[in-house]
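Residue numbers (my numbering): 53 to 314. We put the beta carbon where it would ideally sit given N, CA and C, even for glycine. The structure under discussion appears below in the form of structure tokens.
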Amino acid sequence: RHPAQAQVHYSVGSEDGQTQYFTTRGGDPQRMTVGAGNYIEAFDHILPSMKPQEVAQYFVKPELCYTTHDPAPSADIPAGVPLCFEVEIVAVPEGEDLYSMSLAQKLQMGNDRKAMGNEFFKRGALSRAVSFYEKAIKTFKEPPAKGLPPQADRAEIEESKAVRLPCHLNIAACRIKQKDFAGAVEHCDKALQLDGLNVKALLRKGSAQIDLGDLLLAKRDLNHALELEPENVDVKRELARYKKVAAEQDKKDKSTFKRMFA
């Protein structure tokens, strides 16, 4: 089958979002191929991750933008620097299915969404990073809460672990930075459902549990992580933090107990 087509508006601006160099708005939208073969390679990665009428911003590396062989539509667009693309899929022509994808295409989409999440994470845009990690996870069918998935879904569920697992771990890292410790624990648990011996998941879960005051659970998970990787410096650091917090809590409890019976 031929790749789906889409009508697209887009703007090109500086990486910091302060300057707009070019936009198609005010004119007709551009017809582009979803998945491969676009004049600007960045759109091969961007469009499969979007839905009709969605507007989203993407940071694009220079090698995926414009070259001397594929010049920019405006002389104002600088060459050889990262750019910010604001993209909108205005419409999908009737009869063309944007989302009938093979597993290989879904894996590519999931990895592209994860990569965009990583770019936003590096810039400290944590909410936007989480949004792309969640999109990456939702690219794939989720395993059922109980029992085995249908036979037809098993290959997708198994192969997509390579995308879903790091996305859950990265969301947990974002939630810790945002001080949403319960949210961090939730995504660590989802990561552990995919890999029950994942040290990063145990570490981040234990760290979040310290801040939630769930000290016994934190001790259990951090000790488990240390058993798996005895030389892990980050695990040792969090265990030391646990011991300090636990000692302070024990001191408070003893002081409270004394006042009760004074």
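CB of residue i within 8 Å of CB of residue j, strictly
{"i": "Gln-261", "j": "Val-237", "result": "yes"}
{"i": "Gly-65", "j": "Cys-117", "result": "no"}
{"i": "Ala-207", "j": "Leu-155", "result": "yes"}
{"i": "Val-107", "j": "Glu-140", "result": "yes"}
{"i": "Gln-72", "j": "Ser-63", "result": "yes"}
{"i": "Lys-229", "j": "Leu-178", "result": "yes"}
{"i": "Met-4", "j": "Pro-100", "result": "Outside the displayed range of the chain (53 to 314) lies residue 4, so it cannot be described from this structure."}
{"i": "Ala-277", "j": "Leu-255", "result": "yes"}
{"i": "Phe-316", "j": "Ala-181", "result": "Limits of the chain in this structure are 53 at one end and 314 at the other, which puts residue 316 out of reach."}
{"i": "Glu-211", "j": "Leu-159", "result": "yes"}
{"i": "Ile-129", "j": "Phe-74", "result": "yes"}
{"i": "Tyr-294", "j": "Leu-267", "result": "yes"}
{"i": "Ala-243", "j": "Leu-217", "result": "yes"}
{"i": "Lys-113", "j": "Pro-134", "result": "yes"}
{"i": "Ser-259", "j": "Glu-290", "result": "yes"}
{"i": "Gln-157", "j": "Glu-138", "result": "no"}
Host beta strand (DSSP E) of residue i (start-end)
{"i": "Phe-192", "result": "First-last for Phe-192: undefined, no H or E at that position."}
{"i": "Glu-140", "result": "135-143"}
{"i": "Ser-259", "result": "Counting along the chain, Ser-259 falls outside any beta strand (DSSP E), though it belongs to the alpha helix (DSSP H) covering 251-264."}
Distance between residue j and residue i (C-alpha atoms, nearest Å)
{"i": "Val-60", "j": "Pro-81", "result": "5 Å"}
{"i": "Leu-150", "j": "Gln-57", "result": "Its pLDDT being 44, under 50, Leu-150 is placed unreliably in this model, and the value from its coordinates should be taken loosely. In a straight line, the C-alpha of Leu-150 is about 8 Å away from that of Gln-57."}
{"i": "Ala-298", "j": "Cys-226", "result": "25 Å"}
{"i": "Arg-53", "j": "Ala-234", "result": "The predicted position of Arg-53 is uncertain, since its pLDDT is 40 and thus under 50; no value can be drawn from it."}
{"i": "Phe-95", "j": "Ala-224", "result": "29 Å"}
{"i": "Leu-280", "j": "Leu-246", "result": "17 Å"}
{"i": "Asp-68", "j": "His-97", "result": "21 Å"}
{"i": "Thr-120", "j": "Ala-131", "result": "For Thr-120, the predicted model reports a pLDDT of 48, less than 50, meaning its position is unreliable and no value from the coordinates is stated."}
{"i": "Lys-252", "j": "Glu-283", "result": "14 Å"}
{"i": "Asp-263", "j": "Gln-105", "result": "40 Å"}
{"i": "Glu-148", "j": "Lys-103", "result": "Confidence is the limiting factor: at Glu-148 the pLDDT is only 47, short of 50, which leaves the residue's position unreliable, though a coordinate-based value still follows. For Glu-148 and Lys-103, the distance between alpha carbons rounds to 13 Å."}
{"i": "Val-142", "j": "Asn-163", "result": "24 Å"}
{"i": "Ala-214", "j": "Lys-304", "result": "44 Å"}
{"i": "Ser-317", "j": "Asn-170", "result": "The structure shown has nothing for residue 317, since the chain only spans 53 to 314."}
{"i": "Asp-241", "j": "Glu-194", "result": "15 Å"}
{"i": "Arg-77", "j": "Val-144", "result": "17 Å"}
{"i": "Cys-219", "j": "Arg-272", "result": "24 Å"}
{"i": "Phe-111", "j": "Ser-307", "result": "54 Å"}
{"i": "Asp-232", "j": "Asp-286", "result": "20 Å"}
{"i": "Arg-175", "j": "Gly-79", "result": "32 Å"}
{"i": "Gly-265", "j": "Glu-115", "result": "47 Å"}
{"i": "Lys-296", "j": "Asp-302", "result": "10 Å"}
{"i": "Arg-83", "j": "Gly-248", "result": "46 Å"}
{"i": "Ile-92", "j": "Met-153", "result": "22 Å"}
{"i": "Asp-205", "j": "Lys-288", "result": "40 Å"}
Residues bridged to residue i (per DSSP)
{"i": "Ala-58", "result": "Met-84"}
{"i": "Tyr-110", "result": "Phe-137"}
{"i": "Phe-74", "result": "Val-64"}
Residue interval of the alpha helix (DSSP H) (run including residue i)
{"i": "Gln-105", "result": "Run containing Gln-105: none; DSSP gives neither H nor E here."}
{"i": "Ala-127", "result": "Neither: Ala-127 is in no alpha helix (DSSP H) and is coded neither H nor E."}
{"i": "Leu-99", "result": "Where Leu-99 is concerned, there is no enclosing alpha helix (DSSP H), given that its DSSP letter is neither H nor E."}
{"i": "Ile-223", "result": "213-229"}
{"i": "Gly-235", "result": "233-246"}
{"i": "Leu-116", "result": "No alpha helix (DSSP H) contains Leu-116, which DSSP labels as neither H nor E."}
{"i": "Gly-169", "result": "155-174"}
{"i": "Asn-275", "result": "267-280"}
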